[in-house]
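Novice: Chains W and F supply the protein sequences, listed in that same order.
In terms of my numbering, the first sequence opens at residue 25 and continues consecutively.
In terms of my numbering, the second sequence opens at residue 25 and continues consecutively.
For reference, the structure I am asking about is given below.
There are 2 protein chains.
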Amino acid sequence: MVTMKEIAHRTGVSVSTVSLVMNHRDEGRVKPAIAAHVREVADELGYQVNPMASSLRTNRTRTIGFISEEVATTPYAGGMILGAQTAASKLGYLLITVSTDGGMDEDDEIDALKRYGADGFLYAKMSNRVTDVPARLKDCPVVLVDATGRDGTTPSIEPDEFRIAYDATTRLVEAGCERIAYIGCSEPMLAQEGRLAGYRTALEAAGRKFNERLVVDVLNNGPALEAVSDLFDWERPDGFFCFNDARAWYVYECAARRGLVIGRDVSVVGVDNHRVFAETLSPRLTTVELPHFEMGYWAAAKVVSMIEKRPLDDLDVPDTRAPLPPLDAPVPAKVHCTLIEKESVRAAG
Amino acid sequence: MVTMKEIAHRTGVSVSTVSLVMNHRDEGRVKPAIAAHVREVADELGYQVNPMASSLRTNRTRTIGFISEEVATTPYAGGMILGAQTAASKLGYLLITVSTDGGMDEDDEIDALKRYGADGFLYAKMSNRVTDVPARLKDCPVVLVDATGRDGTTPSIEPDEFRIAYDATTRLVEAGCERIAYIGCSEPMLAQEGRLAGYRTALEAAGRKFNERLVVDVLNNGPALEAVSDLFDWERPDGFFCFNDARAWYVYECAARRGLVIGRDVSVVGVDNHRVFAETLSPRLTTVELPHFEMGYWAAAKVVSMIEKRPLDDLDVPDTRAPLPPLDAPVPAKVHCTLIEKESVRAAG
DNA sequence: CTGAAAGCGCTAACAT
DNA sequence: ATGTTAGCGCTTTCAG
């Protein structure tokens, strides 16, 4: 391992000078020629800072902890983690992911993260929920991902559920569907409330009236298929907005059994059909992809801005907003999802 | 943060003594009474070692790096990571995961891991492939996960593909299926070869003869559905062994369109139907679950044994082998997958 | 059996 | 503008 000491030795300056240069804290403190030489030798030797050693003095490790209890049980975690890691990496941080599903104890894992000196934390859910920040994270920089804090005390990022449903439903309207159904989720979730409202509002904006009988809220189980089946038989919808991929599947199954072809006889807009699934289905499906990557990305950038106490705008975060693509977009069209970024209500740390 | 210095102060001994005790290196070096007292005070104060500080002297961080390029694009990574993290955590290590899909450069990510002093590495694929170990990992402890090294130089763990297919096919035979099809994968993969062989051998062991026309190797795309559809019409199979969940889906779709009920008219054994998917489908499906968790678990334990240069048996690793459950197991039956653990051909480090 | 002292690689006051 | 010094928390000889 090549150390500052070695560079100091080779360049004939002291370690402190090398330290200044390597941390870009020269600028009027070290003669430019010297600084350049130091940098050159460092490059040549392939010098890399030892984050352990510097953390000992600075109490900063340039690591951020990512905590989620659903890494193993949902296919969406990967995208979020990748987004967070991408931003972290770009900003010179390392993301350390711990999942607390299975037998893992959340507090233990958080302790491990703290022991290793994480500078900040991402606390992630895999579907928008009101969430309490764990007690031991109370006075650390924390950002919630795909979740919203109970008290408005913690910054968060979450999908604009209302707009997802509004856009999806509008799309079905514009595609000429007359009887648009919503296959929702019967568990209480922010996503469900927001989407039902968006569906309803879009219908009304299009001059349709909301029909309760076209709304079926189901769980992910056997009776769900019957419920959707009944909907097919009794209401004969020609368009479906589906809460998620599992719900969309009930529609495919029912359609297949009746000889109906999706894209011809009925239209379906689903949310977040996962890739494995979508590869098979996508030719006949319009999807709203929840921007897990983007949420992770933003959250990581945000927590870095909190750690370094500088405005988020100084960091390079792409804008994830994009307009709804036109209806004649190639199939499978992707309806882009907008995001809601919440600043902490109190000072963001 | 509570330090050794503080404990030393409170107990009236020196830091070195505290160090000995905390590292369980007392035993004939520190008087038992003193040791006990030190431990007591440490507990009371909630002392935690500072891994940064000790790494400075020992060049050990008790972290292991997990590298994969498919974290975001497959739903299976989560289980593997969770397994690895569980074992790591149990053994007092922290798992640091980096994914190299998306725009991430693998070498950069490995460098980051090395900079942070990872003691060993897990290099994971999400489906069994012959794999080269990255150059910069050459002289570090490395274990391959769901992959096999090109030269037998690196320990690895991978599913027993032959037996997966053998067991699945046998199960279909025992369930009374007469015409058992294999919906395979047309890409060259170890998994495909092994499974085709297992399918064939199981048929022959049951006194059936292998019929090429019952084998359909497909990609994950449009033509696949037609190929399976043709198989239904021309060969009228009553049992299906499917390479993975996407392939199984073609069978469901074809069956639904023909009014055939799975579990009554046709039997299906799939591999690795992911949970999101399985929640909807599982009542009618027998699955072979690839033991991603167990692979991750074993691999992490293995790499720790390499790092600490002590035999794997000293560590607490559960045996993941289990017998095939009986055919009258409640549906969905899970066919357990056996694993192949490969030691390095040369000395294991 | 226990403590003093040195040093891991780095940063940050403080001198020059 | 650069070097000296001290010390972060811990491990590890080496003396006693």
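All C-beta atoms, glycine included, are put in the ideal place defined by N, C-alpha and C.
Within the region 85 to 136 of chain W, note down every full alpha helix (DSSP H) run reaching 4 residues or more, in order along the chain.
Specialist: Listed in chain order, they are 101 to 114.
Novice: May I have a chain-ordered list of the alpha helix (DSSP H) segments no shorter than 4 residues that lie completely inside the region 171 to 213 of chain F?
Specialist: Runs of the alpha helix (DSSP H) inside the region 171 to 213 of chain F: 185 to 198.
Novice: On the DSSP bridge assignment, give the partners of CYS266 of chain W in chain order.
Specialist: Position 242 of the first sequence holds residue 266 of chain W. Bridge partners of CYS266 of chain W: W:ILE207, W:GLY294.
Novice: Under a three-way DSSP split, which group does ALA302 of chain F fall into?
Specialist: Locating residue 302 of chain F in the second sequence gives position 278, where the first residue counts as 1. With a pLDDT of 47 at ALA302 of chain F, under the threshold of 50, the modelled position of that residue is not reliable, and the figure given next carries that caveat. ALA302 of chain F: helix per DSSP, three-state reduction.
Novice: Round the Cβ separation of ASP125 of chain W and ALA96 of chain W to the nearest angstrom and send it over; I've been treating them as touching at under 8 Å.
Specialist: Position 101 of the first sequence, counted from the start, is the residue given in the question as residue 125 of chain W. Position 72 of the first sequence, counted from the start, is the residue given in the question as residue 96 of chain W. Rounded, the Cβ-Cβ distance is 5 Å, consistent with contact.
Novice: Can you look up VAL26 of chain F in the DSSP assignment and give me helix, strand or coil?
Specialist: Locating residue 26 of chain F in the second sequence gives position 2, counting from the first residue. The answer is coil: DSSP assigns VAL26 of chain F none of H, G, I, E or B.
Novice: Could you give the C-beta distance for GLU217 of chain W and LEU243 of chain W, rounded to a whole number, given that I count them as a contact under 8 Å?
Specialist: On the first sequence, residue 217 of chain W is found 193 positions in, with the first residue counted as 1. On the first sequence, residue 243 of chain W is found 219 positions in, with the first residue counted as 1. Going by Cβ atoms, the distance from GLU217 of chain W to LEU243 of chain W rounds to 16 Å, so no, they are not a contact pair.
Novice: Quick one: what's got a C-beta closer than 6 Å to GLU133 of chain W's C-beta in the same chain, skipping five residues either side?
Specialist: One-based indexing of the first sequence puts residue 133 of chain W at position 109. Around GLU133 of chain W: VAL122, THR124.
Novice: Closer than 8 Å, CB to CB, is SER79 of chain W near chain F or not?
Specialist: Start at 1 with the first residue of the first sequence, and residue 79 of chain W comes out as number 55. By this cut-off, SER79 of chain W is an interface position.
Novice: Got a sec? Which residues, its chain only, sit under 6 Å from GLU93 of chain W by beta carbon, not counting five neighbours each side?
Specialist: Locating residue 93 of chain W in the first sequence gives position 69, counting from the first residue. The residues are THR124, ASP125.
Novice: Say whether the region 142 to 158 of chain F touches the region 319 to 331 of chain F, bearing in mind that this needs 3 or more beta-carbon pairs closer than 8 Å, one atom from each stretch.
Specialist: Touching, per the Cβ criterion.
Novice: Any heavy atom of the ligand SAH closer than 7 Å to the beta-carbon of ARG260 of chain F?
Specialist: Ligands are entirely absent from the displayed structure, and the ligand SAH is therefore not among its contents.
Novice: Let me know the secondary structure DSSP gives VAL62 of chain W once reduced to three states.
Specialist: As a working note, residue 62 of chain W is residue 38 in the first sequence. DSSP places VAL62 of chain W in helix when its eight states are reduced to three.
Novice: In terms of residues, what are the limits of the beta strand (DSSP E) holding PHE317 of chain W?
Specialist: Walking along the first sequence from the start, residue 317 of chain W turns up at place 293. Segment 316 to 331 is the alpha helix (DSSP H) holding PHE317 of chain W; no beta strand (DSSP E) there.
Novice: Determine which residues of the region 91 to 107 of chain W have a Cβ less than 9 Å from any Cβ of chain F, and write them out in chain order.
Specialist: Hits within the stretch, in order: GLU94, VAL95, ALA96, THR97, THR98, PRO99, TYR100, ALA101, GLY102, GLY103, MET104, ILE105, LEU106, GLY107.
Novice: Can you give the Cα-Cα distance for CYS278 of chain W and ALA199 of chain W, rounded to whole angstroms?
Specialist: Taking the first residue of the first sequence as 1, we reach residue 278 of chain W at position 254. Taking the first residue of the first sequence as 1, we reach residue 199 of chain W at position 175. When rounded, the distance between both Cα atoms is 21 Å.
Novice: Say whether chain F places a C-beta atom closer than 8 Å to the C-beta of ASP50 of chain W.
Specialist: Sequence index remark: in the first sequence, residue 50 of chain W carries index 26 (1-based). ASP50 of chain W does not count as touching chain F.
Novice: Against chain F, does THR193 of chain W count as a neighbour if the rule is that its beta carbon must be under 8 Å from one of theirs?
Specialist: Here residue 193 of chain W refers to the residue found at position 169 of the first sequence. Output row for THR193 of chain W: interface = no.
Novice: Check the DSSP bridge columns for ASP241 of chain F and list the partner residues they point to.
Specialist: For the purposes of this step, residue 241 of chain F is identified with residue 217 of the second sequence, where counting begins at 1. In DSSP, ASP241 of chain F forms a bridge with F:GLY208.
Novice: Please confirm if MET76 of chain F has its CB atom under 8 Å from at least one CB of chain W.
Specialist: Looking up residue 76 of chain F in the second sequence gives position 52. Yes, MET76 of chain F counts as interfacial toward chain W.
Novice: Which chain F residues sit within Cβ distance under 7 Å of GLU277 of chain W?
Specialist: On the first sequence, residue 277 of chain W is found 253 positions in, with the first residue counted as 1. Correct list: ALA280.
Novice: Using only the alpha-carbon positions, how far apart do ILE181 of chain F and ARG187 of chain F sit?
Specialist: Against the second sequence, residue 181 of chain F aligns to sequence position 157. Against the second sequence, residue 187 of chain F aligns to sequence position 163. Cα-Cα distance, rounded: 15 Å.
Novice: Is ALA215 of chain W helix, strand or coil when you go by DSSP?
Specialist: The residue given as residue 215 of chain W occupies position 191 in the first sequence. Three-state result, ALA215 of chain W: helix.
Novice: Quick one: what's got a C-beta closer than 7 Å to PRO75 of chain F's C-beta in the same chain, skipping five residues either side?
Specialist: Here residue 75 of chain F refers to the residue found at position 51 when the second sequence is read from its first residue. So the qualifying residues of the chain are THR85, ARG86.
Novice: Assuming ARG224 of chain W and GLU259 of chain W form a contact by the criterion Cβ under 8 Å, report the distance between their Cβ atoms to the nearest whole angstrom.
Specialist: Taking the first sequence and counting its residues from 1, the one referred to as residue 224 of chain W is at position 200. Taking the first sequence and counting its residues from 1, the one referred to as residue 259 of chain W is at position 235. So it is not a contact: roughly 16 Å between Cβ atoms.
Novice: Are there three or more Cβ pairs, one per stretch, closer than 8 Å when the region 51 to 71 of chain W is compared with the region 59 to 76 of chain F?
Specialist: No, the region 51 to 71 of chain W does not touch the region 59 to 76 of chain F.
Novice: From the DSSP output, read off the bridge partner residues of GLY144 of chain F.
Specialist: For the purposes of this step, residue 144 of chain F is taken as residue 120 along the second sequence, with counting starting at 1. Paired residue(s): F:ILE88.
Novice: Are the CB atoms of ARG174 of chain W and VAL197 of chain W nearer to each other than 8 Å?
Specialist: Here residue 174 of chain W refers to the residue found at position 150 when the first sequence is read from its first residue. Here residue 197 of chain W refers to the residue found at position 173 when the first sequence is read from its first residue. Cβ distance not < 8 Å, so ARG174 of chain W and VAL197 of chain W don't count as in contact.
Novice: Does the Cβ-Cβ distance between LEU80 of chain F and LEU80 of chain W come in under 8 Å?
Specialist: Position 56 of the second sequence, counting from 1, holds the residue named residue 80 of chain F. Position 56 of the first sequence, counting from 1, holds the residue named residue 80 of chain W. Against a cut-off of 8 Å, the Cβ pair of LEU80 of chain W and LEU80 of chain F comes out as a contact.
Novice: Return the residues of the region 185 to 209 of chain F that lie within a Cβ-Cβ distance of less than 8 Å from chain W, sorted by chain order.
Specialist: Within the region 185 to 209 of chain F, no residue qualifies.
Novice: Tell me whether VAL252 of chain W sits in a helix, a strand or coil according to DSSP, three-state version.
Specialist: By one-based count along the first sequence, residue 252 of chain W stands at place 228. Looking at VAL252 of chain W - three-state DSSP - the assignment turns out to be helix.
Novice: Run through chain F and tell me which residues come within less than 8 Å of ALA136 of chain W, C-beta to C-beta.
Specialist: On the first sequence, position 112 is the one that residue 136 of chain W refers to. Per Cβ cutoff of 8 Å: SER113, LEU118.
Novice: Check whether the Cβ of VAL42 of chain F lies closer than 8 Å to any Cβ atom in chain W.
Specialist: Here residue 42 of chain F refers to the residue found at position 18 of the second sequence. Chain W, which has no Cβ nearer than 8 Å to the Cβ of VAL42 of chain F, makes this no.
Novice: Just to check my reading of the structure: MET319 of chain W and GLY107 of chain W have Cβ atoms closer than 8 Å, yes? What is that Cβ distance to the nearest angstrom?
Specialist: One-based indexing of the first sequence puts residue 319 of chain W at position 295. One-based indexing of the first sequence puts residue 107 of chain W at position 83. The Cβ separation is near 7 Å, so the contact holds.
Novice: Under 8 Å, Cβ to Cβ, is there at least one residue of chain W near VAL300 of chain F?
Specialist: Here the question's residue 300 of chain F lines up with position 276 in the second sequence. Because the pLDDT at VAL300 of chain F is just 44, under 50, the model does not fix this residue reliably, and the value given afterwards should be weighed accordingly. It does: the Cβ of VAL300 of chain F has a partner Cβ on chain W nearer than 8 Å.
Novice: Excluding sequence positions up to five away, which residues of its chain have a Cβ less than 8 Å from the Cβ of ASP289 of chain F?
Specialist: Mapped onto the second sequence, residue 289 of chain F falls at position 265. So the qualifying residues of the chain are ASP262, ALA279.
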